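The numbering of the sequence shown is our numbering, which starts it at 7 and goes up by one.
Every residue gets a Cβ at the ideal spot worked out from N, C-alpha and C, and that includes glycine.
As the structure is a prediction and not an experimental result, all values here were calculated from the model.
Let me begin by presenting the structure, written as structure tokens, before commenting on it.
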Amino acid sequence: MRQAIAAVGLIAALLAPQAAWADTKSSEAREQVEFGIRVAQKGLWKEALYRWEKAVEIDPRYAAAYNNLAIAYEHEGLFDKARQAYEKAVELDPKNTYIRQNYEYFREINDRASRRQPR
Numbered sequence: 007m008r009q010a011i012a013a014v015g016l017i018a019a020l021l022a023p024q025a026a027w028a029d030t031k032s033s034e035a036r037e038q039v040e041f042g043i044r045v046a047q048k049g050l051w052k053e054a055l056y057r058w059e060k061a062v063e064i065d066p067r068y069a070a071a072y073n074n075l076a077i078a079y080e081h082e083g084l085f086d087k088a089r090q091a092y093e094k095a096v097e098l099d100p101k102n103t104y105i106r107q108n109y110e111y112f113r114e115i116n117d118r119a120s121r122r123q124p125r
């Protein structure tokens, strides 16, 4: 269920305007993000995760890379890491509507799923 939700989040992120990339100064980081998007669309999530981790390593101020990284963590079931990556993306670009919407959607779904699990 959560993987399907992550896939929907990726689609939303992929459809977002590329203006989020305009503030990054690193073409290498942007290339990593773009490659990550292409492989994620083919279902190669581990490769996408690797590429987006490289992108934030290259450019730690690249909010869109953190957003995509969060989506990949979510897809892989790494929800604590996903939350951290979303929080970092929002911190870096608090006015980015797409990032905020992805994070809010993640929180809503993740919190609801957490409440359903037996303790």
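Considering just the uninterrupted stretch of the alpha helix (DSSP H) at residue i, what are its terminal residues?
| i | result |
| --- | --- |
| Ser33 | Ser33 to Gln47 |
| Tyr109 | Thr103 to Arg122 |
| Tyr68 | From DSSP, Tyr68 is part of no alpha helix (DSSP H); its letter is neither H nor E. |
| Glu97 | Phe85 to Leu98 |
| Trp55 | Reading off the sequence, residue 55 comes out as Leu, not Trp. Leu55 -> alpha helix (DSSP H) spans Trp51 to Ile64. |
Among the options, which residue has its Cα nearest to the Cα of residue i?
| i | options | result |
| --- | --- | --- |
| Ala69 | Asp99, Glu114, Phe41 and Ile115 | Asp99 |
| Arg36 | Leu50, Glu63, Trp51 and Lys52 | Glu63 |
| Ser32 | Ile77, Lys60 and Thr103 | Lys60 |
| Phe41 | Asp65, Arg67 and Ala71 | Ala71 |
Buried or exposed: where does residue i fall if 16 or more other Cβ atoms within 10 Å of its Cβ makes it buried?
| i | result |
| --- | --- |
| Ala119 | exposed |
| Glu80 | buried |
| Asp117 | exposed |
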